[in-house]
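Engineer:
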Amino acid sequence: MLKLTHKASGRHFLQIPGPTNVPERVLRAIDNPTIDHRGPEFQVIGKKLLSDIQKIFQTEGPVVIYGASGTGAWEAALVNTLSAGDKILMYETGHFATLWKKMAQRLGLDAEFIPGDWRQGVDAERIAQRLAEDRQQQIKAVCVVHNETSTGVTSDIAAVRRAIDGTGHPALLMVDTISSLASIDYRHGQWGVDVTVAGSQKGLMLPPGLSFNAVSEKALAASKTSGLPKSYWAWADILEANKNGFWPYTPSTNLLYGLSEACDMLLEEGLPNVFARHTRFAETTRCAVRAWGLEVFCANPAALSSSLTAVLMPEGHDADKFRRIVLDNFDMSLGVGLAKLAGKVFRIGHLGDFNELTLMGTLAGVEMGLKLAGVPHQPGGVAAAMDYLTSKLQ
Ligand code: PLP
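In structure tokens, the structure reads:
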């Protein structure tokens, strides 16, 4: 039997910004026997979770669930709505926005990137300007990442919606919420998003392997005429089968058990409480970073992420060496710096199944690691974090 234990005792701290720690309740749900995915027992589960998941996306419209990683749901969003050569507007918030743009280009779309320095988030005004210039209305979609997992920068999606509406432009709005759904407030319906992309392995507290498209009426209409080839990803077949609680092919039965349980947990806690918990833990983390005298990578206070914090390493110090010291000594995984941030930042994931003491353990591991790695810093980050956390309870 496969046995993965980094240390002889205690549990591994998986503090990367996804996949996140899977709670016992979800693990126990996944542990149930696999059943007939075309039988009556499955149908009850299918109908229940298809309804629950709408509450998580804050939508009354359909949510398509795929057996795929988030990258699959990126592709599904594009191929269901667009045709070869369509112009789309994307925004360079970081590594994941860049990957989505590359995918769009590979699929034969004409993807234009609004450049960014990765530290600010989306400036909705720049989207409005570009759409206003597009008098022929050739831009078919605006695609943005809600929470850039590579940088810890969040963008204001309601502002993007207002920017599009302000120009009267008919472009679809597509949003990647892979590291924000069920961690940071996100309202597919109220914010008028046409396609929301999400994955199972972050705020939803599941293992990797499921991903999602929440779909608006307008996106459904676009899917009727879109010309890009699609088969596995085609919404129509899945939505038809979903009407009866089924899938057109074999769904990821056991992950769907886990999804049902995770939805129960989130809805029992209440989404506003889930979001407040993430906000509180993010601010606690930043209290520690400030006390250490280190710099949070996000340079815009309005865009600070509640699901992760990327921390800049002081000049001349390698973030990967530091992360390795933390892993070897304290059995904790921290997030790697991606693409141009390789070796320059480390990322602390504070999302998903996470409480005060998990957070304090995480921050203690970072502070001890800084010391062991000889990274110049002030002691006292953990103490500052404890002060902040207790002040919130008094
Ligand atoms: N988009 C964002 C914001 C992500 O954080 C990730 C993965 O971390 C992806 C897309 C890609 O998702 P996956 O690795 O599940 O394919």
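Here our numbering is used: the first residue of the sequence shown is 248, the next is one more, and so on. Each residue gets a CB set at the ideal place from its N, CA and C atoms; glycine is no exception.
Based on DSSP bridge pairs, tell me the residues matched to ASP357.
Structural biologist: LYS334
Engineer: Tell me which residues share the same chain as GLU395 and place their Cβ nearer than 7 Å to its Cβ, disregarding the 5 neighbours each side in the sequence.
Structural biologist: These residues qualify, in order along the chain: THR340, GLY341, PHE343 and ALA344.
Engineer: Ordered along the chain, which non-local residues of its own chain (more than five positions away) have a Cβ less than 8 Å from that of THR637?
Structural biologist: If we look at THR637 and ignore the five residues flanking it on each side, it has no Cβ neighbours.
Engineer: For the candidate residues THR609, ARG524 and PRO623, whose alpha-carbon lies nearest to that of LEU559?
Structural biologist: Of the listed residues, the one whose Cα sits closest to LEU559 is PRO623.
Engineer: With a floor of 4 residues, list each alpha helix (DSSP H) that falls wholly inside the region 265–331, ordered by position along the chain.
Structural biologist: 271–277, 287–304 and 317–328
Engineer: If TYR635 and CYS534 are in contact, beta carbons under 8 Å, what's the gap, nearest whole angstrom?
Structural biologist: 4 Å
Engineer: What residues in its chain sit with their C-beta under 7 Å from that of LYS348, if we drop five residues either side in the sequence?
Structural biologist: MET337, ALA358 and PHE360
Engineer: Count the other CB atoms, across all protein chains shown, that sit within 10 Å of the CB of ALA586; report buried if there are 16 or more and exposed otherwise.
Structural biologist: exposed
Engineer: Taking Cβ positions, are LEU325 and LEU297 nearer each other than 9 Å?
Structural biologist: no
Engineer: Could you give the C-beta distance for ILE386 and ALA429, rounded to a whole number, given that I count them as a contact under 8 Å?
Structural biologist: Contact doesn't hold; Cβ gap of about 30 Å is too wide.
Engineer: Quick check: GLY646 and LYS591, are their CB atoms within less than 9 Å of each other?
Structural biologist: One cannot answer for residue 646 here, as it falls past the ends of the chain, which runs 248 to 641.
Engineer: If distances are taken between C-alpha atoms only, which option among ILE572, TYR433, LYS449 and LEU551 comes closest to VAL442?
Structural biologist: TYR433
Engineer: Would you mind listing the beta strand (DSSP E) stretches within the region 427–501 that are 3+ residues and don't spill past its ends, in chain order?
Structural biologist: Within the region 427–501, the complete beta strand (DSSP E) segments of 3 residues or longer fall at 442–446 and 457–462, listed in chain order.
Engineer: Out of curiosity, what's the CA-to-CA distance linking ALA410 and ASP370?
Structural biologist: Straight across, the Cα-Cα distance linking ALA410 with ASP370 is about 10 Å.
Engineer: Is there contact here, the region 315–334 with the region 436–454, by at least three beta-carbon pairs under 8 Å?
Structural biologist: yes
Engineer: When every heavy atom of the ligand PLP is checked, does at least one fall within less than 8 Å of the C-beta of PRO264?
Structural biologist: yes
Engineer: Going by DSSP in three states, MET560 sits in which element: helix, strand or coil?
Structural biologist: coil
Engineer: For CYS390, which residues does DSSP report across the bridge?
Structural biologist: Among the bridge pairs identified by DSSP, CYS390 is matched with MET337 and MET421.
Engineer: In angstroms, rounded to a whole number, what distance separates the CA positions of PRO476 and ASP484?
Structural biologist: 14 Å
Engineer: Is it true that the CB of GLY628 sits closer than 9 Å to the CB of PHE260?
Structural biologist: Not closer than 9 Å, so no.
Engineer: Could you tell me the distance, in whole angstroms, from the CA atom of HIS416 to the CA atom of SER458?
Structural biologist: 29 Å
Engineer: Just list the residues that DSSP pairs GLY582 with in beta bridges.
Structural biologist: Partner(s): ARG594.
Engineer: Do SER580 and GLN262 count as a contact pair if the criterion is CB distance below 9 Å?
Structural biologist: Yes; because the gap between Cβ atoms is below 9 Å, this pair is in contact.
Engineer: In this structure, does DSSP put PHE227 in helix, strand or coil?
Structural biologist: It is not possible to answer for residue 227, since the shown part of the chain is limited to 248 through 641.
Engineer: Taking LYS568 and ALA620 to be in contact with their CB atoms under 8 Å, please state how far apart those CB atoms are, rounded to whole angstroms.
Structural biologist: 6 Å
Engineer: With a 10 Å radius around its C-beta and 16 neighbouring C-beta atoms as the bar for buried, classify GLY363 as buried or exposed.
Structural biologist: If you draw a 10 Å sphere on the C-beta of GLY363, you find 16 or more other C-beta atoms in it, and that means buried.
Engineer: Compute the minimum distance between the beta carbon of PHE528 and the heavy atoms of the ligand PLP, and state whether it is under 8 Å.
Structural biologist: no
Engineer: In terms of DSSP beta bridges, what is PHE260 paired with?
Structural biologist: BP columns for PHE260 point to MET579.
Engineer: Ignore the nearest five residues each way along the sequence and tell me which others in VAL462's own chain have a CB closer than 7 Å to its CB.
Structural biologist: Correct list, in chain order: GLY308, PRO309, VAL311, VAL442 and TRP482.
Engineer: Give a single yes or no on whether ASP423 has its beta carbon closer than 8 Å to a heavy atom of the ligand PLP.
Structural biologist: yes
Engineer: In the DSSP assignment, find the alpha helix (DSSP H) that holds THR414 and state where it starts and stops.
Structural biologist: 404–414
Engineer: Going straight from the alpha carbon of ALA351 to that of ALA331, what length do you get?
Structural biologist: Each residue's Cα considered, the two are about 10 Å apart.
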